Structure formats: C-alpha cells, structure tokens
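Single-structure report; data block below.
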C-alpha cells in the first residue's frame, strides 16, 4: 500500500508542477541554468562512456564471429544495432540517473532541510513549478545528447574494428548501412524522451518530499537513483514491446 500511495503522490506532484507558473523572465534563467548543469555538464561522461561502449561491443562481436563464412560487415551491423537500440538510450540513461538524479535529489533535498522551500511557499511561489519545471524542460534537450552518444558509440566501434584489425574500414561501414531501418532511430528517441522525464521527476519527488537532516539527503539520493533505474528498466521493456513487438 505504501508503494501505491507513493505512486499516487508522485502523479499529484507532476500535476502540481504545471499549476501557477512562475514568471517567464525568471523561469527562462532557471531553464538555461538547468540546461547548463544537467545536459552540458554531463556531455563529457556521456561521450566517454559511449565511445568505449561502442568499442567493447565491436570487440566482443568480432571475437564471437570466428567462422570464415560470416562476413566482417556483420561486426558493423551488430555495433550499430546495439548502440542505437539499447546502449545509447538506455545505458546512458542509467548513468544519467546516477549523475543527474543524485544532483537533483540532493539539491532539492537540501533546500527542504534548510527550509528554503517553505520560504518559497510563504512568498506565494509554487515551489514545485519553480524547482521541478525547469529541470523537466532542460531534460527535453537530453535526446540531443543521446544522438551524440549514438554517433560517438559507432565511431568508437569503427576505431576498435580498424585499429584492432578486427574488420577493414570498408566492411565495417558496409555493415553500418546493412538493412538500416529509420524507425529504430525514432524508437530510440521516444525512449530517450520518456527516460528524460523520469530522470527529471522521480529524483525531484524524492528530494521534495524527504524528511530529516543532512544524512537523510544522502539516503534520499541513493533511493532516488535506485527507483529511477527501476522505472527506466521497466519502461524500456514496455516501450520495446509496444513499438517493436509484433
């Protein structure tokens, strides 16, 4: 019953986020600040992870294609499919749940502990709109980061294939073009957009409604990461079944 109550409380929070909006002049600066901290500040780790994940997928695929009858182009094909369909949108989102989610929970939780949220509400400000709405809008830029992760992941695969001498450059690129389905890109971006909203709202929920002191802020950050990851995994399954299942 506690879980059901928490889910209901979460959706009530999301509804309250869009009520009584803050003045655009103030909201604009908040959104730009969140884009800088949540998206731009995460690009380094996203690019780093995507590059080496692409390389690892290529190496593992090449080592398992040891039959002389299988063309080397399958290495590029497997790398493209793995990076675009799963690793770039989902694996990157799990990392973002840890980095961005913990930051969101700790920042809002600290404001709750130091009674800054109470001060906002006393002044007549919709604290949920002021604190959470800019993060949701900023995370709508997240698909652009995942698009870069896709490119860098494939690039990492190409580097691993060519310089590791697992496949010639021409064969790898031929595999990248083999049986390409444009809808897979749409599927990946839809997943990413849903994950972005989860990453923005679930940690905000745990930070906004936490109780206690500084120790509880740390516990709330850990709990937020766990539940954000769980929701992402479940939604990944549901969206895959809905969009790709026959």
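In the UniProt record's numbering, the protein residues as written are 1 to 246.
A virtual CB, placed ideally from N, CA and C, is assigned to each residue, including glycine.
Since the model is a prediction, treat every value here as computed from it, not as a measurement.
Sequence-distant residues of its chain with Cβ nearer than 8 Å to residue 179 (five each side left out)
As a working mapping, residue 179 is identified with position 179 in the chain shown. Contacts found: 77.
Quick check on the DSSP output: the alpha helix (DSSP H) that includes residue 136 runs from which residue to which?
Your numbering for residue 136 matches position 136 in the chain shown. First-last of the alpha helix (DSSP H) with residue 136: 133-139.
Going by beta-carbon coordinates alone, are residue 107 and residue 174 separated by less than 9 Å?
What you label residue 107 is simply residue 107 of the chain shown in a count that begins at 1. What you label residue 174 is simply residue 174 of the chain shown in a count that begins at 1. No, these two residues do not count as a Cβ contact at 9 Å.
Among 142, 224, 55 and 37, which residue has its Cα nearest to the Cα of residue 167?
On the chain shown, position 167 is the one that residue 167 refers to. When only C-alpha atoms are compared, the closest one is 55.
Which residue wins for smallest C-alpha separation from residue 127, given the options 22, 79 and 100?
By one-based count along the chain shown, residue 127 stands at place 127. It is 22 whose Cα lies nearest to the Cα of residue 127.
Just list the alpha helix (DSSP H) runs in the segment 90-140, keeping only unbroken ones of 4 residues or longer that don't cross its boundaries, in chain order.
92-113, 116-122, 127-131 and 133-139
To the nearest whole angstrom, what separates the beta carbons of residue 29 and residue 96, a pair I think is in contact under 8 Å?
Here the question's residue 29 lines up with position 29 in the chain shown. Here the question's residue 96 lines up with position 96 in the chain shown. Not quite, the Cβ-Cβ distance comes to about 23 Å (not below 8 Å), so this is no contact.
Relative to the alpha-carbon of residue 257, which residue among 218, 191, 206 and 214 has its alpha-carbon at the smallest distance?
Because the chain here runs from 1 to 246, residue 257 falls outside it and cannot be looked at.
Note down the Cα distance separating residue 223 from residue 63, rounded to an integer number of angstroms.
What you label residue 223 is simply residue 223 of the chain shown in a count that begins at 1. What you label residue 63 is simply residue 63 of the chain shown in a count that begins at 1. Those two C-alpha atoms are separated by around 38 Å.
So residue 44 and residue 203 are in contact, right, with Cβ under 8 Å, and what is the actual spacing, rounded?
For this step, residue 44 is matched to residue 44 along the chain shown. For this step, residue 203 is matched to residue 203 along the chain shown. In fact, because the Cβ distance is near 20 Å, the residues do not count as touching under 8 Å.
Here's the rule I'm using: 16 or more other beta-carbon atoms within 10 Å means buried, otherwise exposed. How should residue 121 be labelled?
Translated into the one-based positions of the chain shown, residue 121 becomes position 121. The residue in question, residue 121, is exposed, as its Cβ has fewer than 16 Cβ neighbours within 10 Å.
Would you tell me roughly how many angstroms separate the C-alpha atoms of residue 16 and residue 244, rounded to the nearest one?
What you label residue 16 is simply residue 16 of the chain shown in a count that begins at 1. What you label residue 244 is simply residue 244 of the chain shown in a count that begins at 1. Going by the C-alpha atoms only, they are around 33 Å apart.
Residue closest to residue 147, alpha-carbon to alpha-carbon, out of 113, 11, 65 and 84:
The residue given as residue 147 occupies position 147 in the chain shown. Cα-wise, what sits closest to residue 147 is 84.
4 or more residues per run - each alpha helix (DSSP H) lying fully within the segment 36-91:
43-64 and 73-82
Is DSSP giving residue 193 helix, strand or coil here?
Against the chain shown, residue 193 aligns to sequence position 193. It is helical.
Name the two residues that bound the continuous alpha helix (DSSP H) containing residue 167.
Walking along the chain shown from the start, residue 167 turns up at place 167. Element bounds for residue 167: n/a, residue is neither H nor E.
Can you check which of these residues, 82, 36 and 207, is closest to residue 117 by C-alpha distance?
Here the question's residue 117 lines up with position 117 in the chain shown. For the residues 82, 36 and 207, the minimum Cα distance to residue 117 belongs to 207.
Would you mind stating whether residue 11 and residue 50 have Cβ atoms separated by less than 9 Å?
Counted from its first residue, the chain shown places residue 11 at position 11. Counted from its first residue, the chain shown places residue 50 at position 50. Not in contact: residue 11 and residue 50 (Cβ atoms no closer than 9 Å).
How would you write the range of the alpha helix (DSSP H) that residue 178 sits in, first residue to last?
Locating residue 178 in the chain shown gives position 178, where the first residue counts as 1. Residue 178 -> no alpha helix (DSSP H), and no H or E assigned at all.
Assumed close pair residue 228, residue 199 - CB separation to whole angstroms, cut-off 8 Å
Position 228 of the chain shown, counted from the start, is the residue given in the question as residue 228. Position 199 of the chain shown, counted from the start, is the residue given in the question as residue 199. The Cβ separation is near 6 Å, so the contact holds.
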